[in-house]
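Working notes, structure below.
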Amino acid sequence: MEGLAIRASRPSVFCSTPGLGGDSHRKPPSDGFLKLPASSIAAENRKLVANSASFHPISAVNVSAHASLTADFPALSETILKEGRINGKEKAENIVWHESSICRCDRQQLLQQKGCVVWITGLSGSGKSTVACALSKALFEKGKLTYTLDGDNVRHGLNRDLTFKTEDRTENIRRIGEVAKLFADVGVICIASVISPYRRDRDACRSLLPEGDFVEVFMDVPLHVCESRDPKGLYKLARAGKIKGFTGIDDPYEAPVNCEVVLKHTGDDDSCSPRQMAENIISYLQNKGYLEG
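So the sequence shown is numbered by the UniProt record's numbering: it starts at 1 and just counts up by one.
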């Protein structure tokens, strides 16, 4: 975005106040000059300013939205920066992190647990939401505080402005990751149940948290099993060409390489039950000390 900034090469004052050496009958130049009242000029400088007959033309300078205007026009510069932040494309400037008097360890001691993010990823129909609910319930029964960020639920509110295009999918995961980080900082065990098909996006969320606090759980369920379930009828629509860019059909799913927990579909009803899968995750959390204050 190109804007027009008005910059004076140095202060240019025309004083027409009688009694201060000015000429009340003199007409100021009509073009390219700045006229200001001499109401607050220091006494020792009044004569010099009032008798000044030189006026300095104003120069017009083309500047981009990225240019710094703070030296001459801080108010204008701040306005441009705010507009940039509203558009969400530029990193905010002039902000400082404010430390809280209550730290993460205090909250964890209060809750008698350690905050972390359990990130459940997998194809549509792999059972992510079902396992997330079972995990949340099992931890609740143990007296542990959790909160679940379900992919579909989040798109009803926080991410309702996003589509399923690649760039919007990345932003969808970024927002969920940032919210999950906040829950973990509170001391809550945050369960994120979301397809998150791209490895780089999941890795970006992992990088937001301290080492070990991001627990990636892979629902290792074959495509044909997920498609046979098709609880929302989405695979059928994708095969019919009514949904474009559907993960597993005409858009890739990148399986985790070094995830913490793998829940593999074996076809056995007992080992593949949501409750048993939840217990597998709980065992990992217990071993890592997340269920202790």
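Built from N, CA and C at the ideal position, the CB exists for glycine as well.
Assuming the contact rule is C-beta atoms closer than 8 angstroms, residue i and residue j should be a hit. Round their C-beta distance to whole Å, please.
{"i": "Leu149", "j": "Cys205", "result": "With 8 angstroms as the limit, Leu149 and Cys205 do not qualify as a contact, their Cβ atoms being about 11 angstroms apart."}
{"i": "Ser193", "j": "Ala132", "result": "4 angstroms"}
{"i": "Leu139", "j": "Lys181", "result": "At roughly 19 angstroms, the Cβ-Cβ gap does not stay under 8 angstroms, so Leu139 and Lys181 are not in contact."}
{"i": "Gln109", "j": "Leu145", "result": "Not a contact, Cβ separation roughly 13 angstroms."}
{"i": "Gly171", "j": "Leu162", "result": "The sequence shown places Glu at residue 171, not Gly. Yes, Glu171 and Leu162 are in contact; Cβ-Cβ is about 6 angstroms, under 8 angstroms."}
{"i": "Val221", "j": "Glu260", "result": "Not quite, the Cβ-Cβ distance comes to about 18 angstroms (not below 8 angstroms), so this is no contact."}
Would you mind stating whether residue i and residue j have Cβ atoms separated by less than 8 angstroms?
{"i": "Arg275", "j": "Gly187", "result": "no"}
{"i": "residue 294", "j": "Val117", "result": "Residue numbering for the chain in the displayed model covers 1 to 293; residue 294 lies beyond these limits and cannot be assessed."}
{"i": "Gly115", "j": "Asp185", "result": "yes"}
{"i": "Gly248", "j": "Ser124", "result": "yes"}
{"i": "Leu291", "j": "Met277", "result": "no"}
{"i": "Leu111", "j": "Gly293", "result": "yes"}
{"i": "Trp119", "j": "Val257", "result": "no"}
Please go through the same chain and pick out, in chain order, the residues whose beta-carbon is closer than 7 angstroms to the beta-carbon of residue i, but skip the five residues on each side of it.
{"i": "Lys236", "result": "Asp230"}
{"i": "Arg107", "result": "Val186, Gly187"}
{"i": "Cys272", "result": "His265, Thr266"}
{"i": "Ser129", "result": "Asp150, Ser193"}
{"i": "Glu254", "result": "Pro197, Tyr198, Arg199"}
{"i": "Asp268", "result": "none"}
{"i": "Asp168", "result": "Leu162"}
Here's a check: name, in chain order, each residue in its chain whose Cβ is nearer than 8 angstroms to the Cβ of residue i, leaving out the five neighbours to either side.
{"i": "His224", "result": "none"}
{"i": "Asn280", "result": "Val261, Leu263"}
{"i": "Gly289", "result": "Lys114"}
Count the other CB atoms, across all protein chains shown, that sit within 10 Å of the CB of residue i; report buried if there are 16 or more and exposed otherwise.
{"i": "Thr121", "result": "buried"}
{"i": "Trp97", "result": "exposed"}
{"i": "Ser228", "result": "exposed"}
{"i": "Glu211", "result": "exposed"}
{"i": "Ile95", "result": "exposed"}
{"i": "Pro252", "result": "exposed"}
{"i": "Ala92", "result": "exposed"}
{"i": "residue 302", "result": "This structure cannot speak to residue 302, because the chain is shown only from 1 to 293."}
{"i": "residue 294", "result": "A question about residue 294 goes unanswered here, because the residues of the chain that appear run from 1 up to 293."}
{"i": "Gly245", "result": "exposed"}
{"i": "Ser24", "result": "Its pLDDT being 44, under 50, Ser24 is placed unreliably in this model, and the value from its coordinates should be taken loosely. Exposed: under 16 other Cβ atoms inside 10 Å."}
{"i": "Arg160", "result": "exposed"}
{"i": "Gly233", "result": "exposed"}
{"i": "Ala240", "result": "exposed"}
Tell me which residues share the same chain as residue i and place their Cβ nearer than 6 angstroms to its Cβ, disregarding the 5 neighbours each side in the sequence.
{"i": "Ser196", "result": "Thr121, Ile173, Arg202"}
{"i": "Cys226", "result": "Leu123, Gly125, Ser126"}
Between the Cα of residue i and those of the options, spot the shortest distance and give me the residue it belongs to.
{"i": "Glu141", "options": "Ile282, Ile176, Lys288, Val179", "result": "Ile282"}
{"i": "Asp250", "options": "Gly143, Asp269, Thr166", "result": "Thr166"}
{"i": "Phe164", "options": "Ile243, Asp268, Gln286, Asp270", "result": "Ile243"}
{"i": "Asp152", "options": "Asp269, Ile176, Lys137", "result": "Ile176"}
{"i": "Phe183", "options": "Asn287, Arg169, His156, Tyr147", "result": "Tyr147"}
Is residue i close to the ligand ZN? I mean its beta-carbon at under 7 angstroms from any heavy atom of the ligand.
{"i": "Asp250", "result": "With respect to small molecules bound, the structure shown includes none, and the ligand ZN cannot be examined in it."}
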